[in-house]
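What follows is a single structure, written as structure tokens, with notes after it.
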Amino acid sequence: MQTAILLLTQLVGQQKLPVPQGSYAPRGIAIPEPSSIPIFTGPLHDASAVLLHTDRLYRLLRTYSLLTPLGDDVQDENRRITVLELANNSIECSALMPWLETTGWMMEEDSESGWEEWLIAFKDATMPFEWAMKELRSLYRLPFTQLSSTAAC
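For the sequence shown, this note's numbering assigns the number 1 to the initial residue and increments by one for each residue that follows.
So this is what it looks like as structure tokens:
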């Protein structure tokens, strides 16, 4: 019984991790230093570069618990904006600047978009067309012939 209590105490202690070193807290939310944020410089339509960037960005957001809802509407909204700012600031690809101005920054202000919506829009803008078709097929479980016939309509 004492072993179970000790293990449970350790588990609870692990869930309350301190803020990682090298962070600051605008809006009261601990975020990484700019040098820790992964930067996407391109190239566009390179699936491995896009997926690597989104994976690194996702891991960073998870490390700082920025994707975990807090239950307080004001804090959740501040966290949503912070996540989108970090995601938008991670883009330094000149070919994506028009997308960033028309889509990325508008998502920060629309009060509805979050990480998932940003990720979908980013992949839509950067991934090769073949990848999007493959994702659609796997998502909807349609054979390619059905997908191509519905796309022509």
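Where a beta carbon is used, it is the ideal one built from N, C-alpha and C, also for glycine. The model shown is predicted, which means the values in this text are computed figures rather than measured ones.
Distance between Val83 and Pro128, taken at the CA atoms: about 25 Å. A Cβ-Cβ contact shorter than 7 Å links Ser90 with Pro38. Look at Ile81 here: in three-state DSSP terms it is helix. Three or more pairs of CB atoms, one per stretch, sit closer than 8 Å, so the segment 28-35 contacts the segment 61-71.
Within the same chain, Arg80 come within 6 Å of Gly114 by CB-CB distance, once the 5 residues on both sides are set aside.
Here Met97 is exposed, its C-beta having fewer than 16 other C-beta atoms within 10 Å. Separation of Leu57 and Gly71 (C-alpha to C-alpha, rounded to the nearest whole angstrom) is 23 Å.
Its chain contains Glu108 as the residues whose beta carbon lies nearer than 7 Å to that of Glu85, once the 5 sequence neighbours on both sides are disregarded; these appear in chain order. As the crow flies, the alpha-carbon of Ala47 is around 18 Å from that of Glu117. Taking 7 Å as the cut-off, the Cβ atoms of Thr126 and Leu44 count as close. Taking 7 Å as the cut-off, the beta carbon of Glu92 is found closer than this to the beta carbon of Thr41.
Selection Val50, Asp73, Gln75, Leu61 evaluated against Pro34 yields Leu61 as nearest (Cα-Cα).
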